[in-house]
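Protein chains in written order, with my numbering: chain F, 1 to 254; chain S, 1001 to 1286; chain R, 2001 to 2322. Notes follow the structure.
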Amino acid sequence: MNVENALRIENLGHSYGKFKVIEDISLSIDKGELSALIGPNGAGKTTFYNAISGKFPPTKGKVFLGGENITGLPSHHVVDKGMCRSFQITNIFSELTVAENVFSPLVIQQNKHFKLYGNLFRDKQITEKAMTMLEQVGLADRAEQLVSSLAYGDKRLVEMAVVLVRGPSVVLLDEPTAGMNPKETENMISLIKKLAAIYGTTFFITEHDMKVVFSLAQKIYVLHQGHLLAQGNPQEIRSNEHVQEAYLGRKVNA
Amino acid sequence: MEYLLLNTLNGLSWGMLLFLIAVGLTTVFGVMGVLNFAHGSLFMLGAYLCMHAMQYFDSFWFGLLVGPLCVVVIGVLVEKYLLKRVYGRDVSYQLLLTFAVLLVLDDGVRMIWGSGYHVVEPPVILSGIMHIAGQDYPVYRIFLIIVGPVIGGLLWSFFHFTKWGKIIRAASFDNIMAEGVGINVPLIYTSVFALGTWLAALGGALAAPQQSLIPSMGEKIIIESFIVVVIGGMGSFPGAFAGALLLGLLESFGTVFAGRLQMALPFILLAIILLIKPNGLFKKGV
Amino acid sequence: MITNKYHNLLGPALLIILLFFAPLVMPIYWVMILSEILIMGLMALSCNLLLGYTGLLSFGQGAFFGLGAYSAALMLQGGIENLFLILLVGMLLALMAALVVGFFSVQLDEIFFAMITLAFGMMFFSLAHNWIDITGGSDGMPVFNLPSLSLFGTQLTFYAPTSMYYLIFSVVGIGTSLLWFIVHSPFGLILKAMRENKERVSFVGGNVKKLRIAAFAISGAFTGLAGVLFCLFNSMATPDFMHWSFSAKPVIMSIIGGTGVFLGPLFGAAIFFILEQVIIQFTENWMFFLGIVLIPIVLFFPKGVFGTLRDKIFHPTKQETK
């Protein structure tokens, strides 16, 4: 039985002129497998995400989503095919309400974005899905609030809701706990676990916080100076000498 | 053949004038990120104040010296009290604010000097005709063709060889860093705006003897300056030079071959450049 | 719970009543000023669809206004008298032109978008100015016959200023209502989302370019409608409508009134014209004073006059978010 990987990357590389930011990255993630990409700053993690999510096409290599070649497709097509992402710096609609933020992906998914009439609040197909998502992330009581008036941690939750409400098969999370206090981080970890269990979404996260990585990831990929240094389960990575030298060495975690 | 030469000379002299005005606009943009809609009005003011100064001493050179300096005073006031407040804001606000300044200056000039034409005579030594390839050609235009590169060269040397010039270039590349090393960025901004104003006003004073003065002369030139800046690349000094010459020659030859399309030529060029090379022919760099 | 927002219709209803009864209490001169306010208000509202709702600054809307005006003038000169046809064709022509211009313009962003719309606008201006055989050149195209309307058996003509006012009032009223529905539709939500964060829109699956073209086309269509009305009102179509300095007017009106409020641009248009009327009593240099008034508005009233007033009166405790 041939089960396609949720996400498969073949020899991906991206250069700016002669400068190679990332090179020769290959990996494959199974459906439902929660993976993490770690590496020091400047290793190329964000470039990697940008190149596979459609922000720009990679200069080399291929990207397969559920077996389908999506290399170089623009971001709105990638989302259409079922891969969504969050950003390191919260990237949502500040002067809209929480509800409006979560409505937007649904409007587009249900092909209503050229509908020139109609009250969204009466559209059950949209409001029910949006409410369910907001309940999952714990923001249902703040649906009417302007996102700009929310606390930082709550804004990150809005971004999670926006990213997940379309029900994508693969979700890239770029440093989901960046800037969060320990309590918010705990919340985010359990939220990701819960959502993965309920929706069967394949999460691929990058993180600096090793505690988050080791409590979530089933498989870890280590990026160093643009190359994939190592890959394996948390045990293998922890005991990998090259990784320790290049990266983990400085972070002491039990 | 003579027509080719004459049109080229016309294109060059007009292009040099455009260069002086556009280089001020592009430098202000390059350093401060502001596109000054009122830049054309400063050009117009330069012409009018030059004319006014000439009434005190019957000398064009005096007007050329004093007029633009007076406009610089106005420019500095505008920068310090108005422009400074919108630096961080959306570009629409900056355009609107400078548009409002344009209204005030243009109509202000109308109130003082009226809406009619005024004429400025070129200085005696430059007012003659010379013979080029068997045709008569005004000396003043040749003067403009020479003056352009001279001032351009002086500006370039200023930016590359003097301390002030290097500081300005540093601030244009990274103003946060510049502030971090102790450079007084607000002062730089005011100085750069003053320089840009002076160049526009100088352009106006230089243009005065060869075109009639009218309050709306600023509105025509601002659009042309925008086009030059975009063609050359926003913030690029060599770009302003190349773009100005290109537009000058295009307009000059346009009168010959384009007929009724002539008016639309600069805009067609602008649209083409924007669609093919929106960052202009040169990259940003003073 | 996400509640259904019931929009406060009291204000707009009051406005409609006031506008309806205005000609009964105003001198003819002011009825005509009000007519102009309504027409330019419609243009400003369409301009704000781009500026306030989508986040796009266009300096070329005058091209579509002029197209509406010229198409009306051409049809009237050609003997066509059906009012509906004239209104519709003007809108349609403007819509198609806006689709073409929009297709090219959305390839660019921010200041470059403003510039290319200016460039296209001026190309249309040159066309109108120089194609003397068709457009009459810089003198413009005069209109001698106005269309008439058969309603409930009677023939309505619009030569009297008051009748013209009611025609304008009705058409602007319908146009404004349509724009209101559009802005509150799913499409409207996505427009606002693009204004806030166009990258995020593409990352939730939206084709930003296509959406922007749609917004540009709709804005162009309603601008063209305003142009048709202006031609009927002035009995004339001139190239000046297509000049960039004319395109700047709806932008100024929107900002004065407030781009964040639906009716802001309409109030901006009113303030603009009333200011003009007041100032020209004293001096013909009213642009000078417009500039003087505009400067503090831009500096200190980022939400426009109407926007700021509305906030202060209805949401005095609302925190400034920026």
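Positions of the beta carbon are idealized from the N, C-alpha and C atoms, including for glycine.
C-beta neighbour in chain F for residue i, strict 8 Å
i       : result
R:L2014 : no
R:G2206 : yes
R:A2072 : no
R:K2198 : no
R:A2193 : yes
8 Å CB neighbourhood of residue i in its chain, flanking five on each side removed
i       : result
S:P1266 : I1223, E1224, I1227, L1247, L1250 and E1251
S:Y955  : An answer regarding residue 955 of chain S cannot be provided, because it is not within the stretch 1001 to 1286 covered by chain S.
F:V252  : Note that F:V252 has pLDDT 47, beneath the 50 cutoff, so the model's placement of it is unreliable and the number below is only indicative. There are no such residues.
R:K2318 : Its pLDDT being 46, under 50, R:K2318 is placed unreliably by the model, and nothing is read from it.
Closer than 8 Å to chain R by CB, residue i
i       : result
F:A169  : It should be pointed out that residue 169 of chain F corresponds to Ser in this sequence rather than to Ala. Chain R, which has no Cβ nearer than 8 Å to the Cβ of F:S169, makes this no.
S:L1096 : yes
S:A1240 : no
S:I1268 : yes
S:Y1093 : yes
S:L1275 : yes
F:N50   : no
S:D1058 : no
S:A1271 : yes
S:L1035 : yes
F:L116  : yes
F:G162  : The question names Gly, but residue 162 of chain F in the sequence shown is Val. Yes, contact with chain R.
F:F64   : no
Interface residues of chain S facing residue i [CB-CB closer than 7 Å]
i       : result
R:E2081 : Simply none; closest approach about 32 Å.
R:N2130 : R1260 and M1263
R:A2248 : F1099
Other residues of its chain near residue i: CB distance less than 6 Å, five sequence neighbours each side excluded
i       : result
S:F1043 : I1021, A1200, G1203, G1204, G1218 and I1221
R:T2321 : Low per-residue confidence applies at R:T2321: pLDDT is 37, beneath 50, and the placement is therefore not dependable, though the value from the model is reported in the following sentence. Answer for R:T2321: no residue qualifies.
R:G2307 : G2258, G2260, V2261 and G2264
S:G1285 : With a pLDDT of 47 at S:G1285, under the threshold of 50, the modelled position of this residue cannot be trusted; read the value that follows with caution. Cβ within range, chain order: S1236.
S:N1010 : S1252
F:G54   : L73, P74, S75 and V78
F:S15   : T59
F:T185  : T177
beta-carbon residue i near the ligand MN non-hydrogen atom, thresh 7 Å
i      : result
F:H224 : This structure does not include the ligand MN; it has no bound ligands of any sort.
Chain-ordered chain R contacts of residue i [CB-CB under 8 Å]
i       : result
F:R85   : F2203
S:L1082 : I2295 and L2299
F:R166  : V2204 and G2205
S:L1103 : M2287, F2288, L2290, G2291 and L2294
Short CB-CB distance (under 8 Å) between residue i and chain S
i       : result
R:I2213 : no
R:L2108 : yes
R:S2138 : no
R:L2057 : yes
R:S2126 : yes
Neighbourhood of residue i by C-beta distance below 7 Å, restricted to the same chain and skipping five residues each side
i       : result
S:T1255 : Q1262
F:I29   : N5, A6, L7, S35, T202 and F204
F:A255  : As shown, chain F starts at 1 and ends at 254. That puts residue 255 of chain F outside it, with no answer to give.
F:H208  : E175
Amino acids of chain R, ordered along the chain, whose beta-carbon sits closer than 9 Å to that of residue i
i       : result
S:F1043 : What S:F1043 touches in chain R: nothing, since even the nearest Cβ is about 17 Å away.
S:F1226 : M2115 and L2118
Chain R contact residues for residue i, given Cβ-Cβ distances below 7 Å
i       : result
S:A1100 : G2291, L2294, I2295 and V2298
F:K112  : P2186
S:V1230 : M2115
F:L120  : P2186 and L2189
F:Q88   : What F:Q88 touches in chain R: nothing, since even the nearest Cβ is about 13 Å away.
S:P1278 : L2108 and F2112
Interface residues of chain F facing residue i [CB-CB closer than 7 Å]
i       : result
R:A2221 : Within 7 Å Cβ-Cβ: nothing; R:A2221 doesn't reach chain F, min ~12 Å.
Interface partners of residue i on chain S, CB under 9 Å
i       : result
R:I2335 : Chain R is shown only over 2001 to 2322; residue 2335 of chain R falls outside these bounds and no answer can be derived.
Could you run through the segment 2281-2304 of chain R and flag, in chain order, every residue whose CB is less than 7 Å away from some CB of chain S?
N2285, M2287, F2288, L2290, G2291, I2292, L2294, I2295, V2298 and L2299
Would you mind listing the beta strand (DSSP E) stretches within the segment 2124-2156 of chain R that are 3+ residues and don't spill past its ends, in chain order?
2149-2151 and 2154-2156
Could you list the residues in the segment 2158-2190 of chain R with a C-beta less than 9 Å from some C-beta on chain F, going in chain order?
L2178, F2181, I2182, H2184, S2185, P2186, F2187, G2188, L2189 and I2190
Note down, in chain order, all residues in the segment 2098-2122 of chain R with a beta-carbon under 8 Å from any beta-carbon belonging to chain S.
Hits within the stretch, in order: F2104, Q2107, L2108, E2110, I2111, F2112, A2114, M2115, I2116, L2118, A2119, F2120 and M2122.
Complete runs of the beta strand (DSSP E) confined to the segment 24-92 of chain F [at least 3 residues]
For the segment 24-92 of chain F, whole beta strand (DSSP E) runs of length 3 or above, ordered along the chain, are 35-38, 60-65 and 83-85.
For the segment 1136-1164 of chain S, which residues have a beta carbon sitting closer than 7 Å to at least one beta carbon of chain R?
From the segment 1136-1164 of chain S, no residue has a Cβ closer than 7 Å to chain R.
Any residues in the segment 1109-1133 of chain S with a beta carbon nearer than 8 Å to a beta carbon of chain R? Which ones, in chain order?
R1110 and M1111
Unbroken stretches of the alpha helix (DSSP H), 4 residues or longer, contained in the segment 1212-1244 of chain S
1217-1232
Just list the alpha helix (DSSP H) runs in the segment 2174-2201 of chain R, keeping only unbroken ones of 4 residues or longer that don't cross its boundaries, in chain order.
2186-2196
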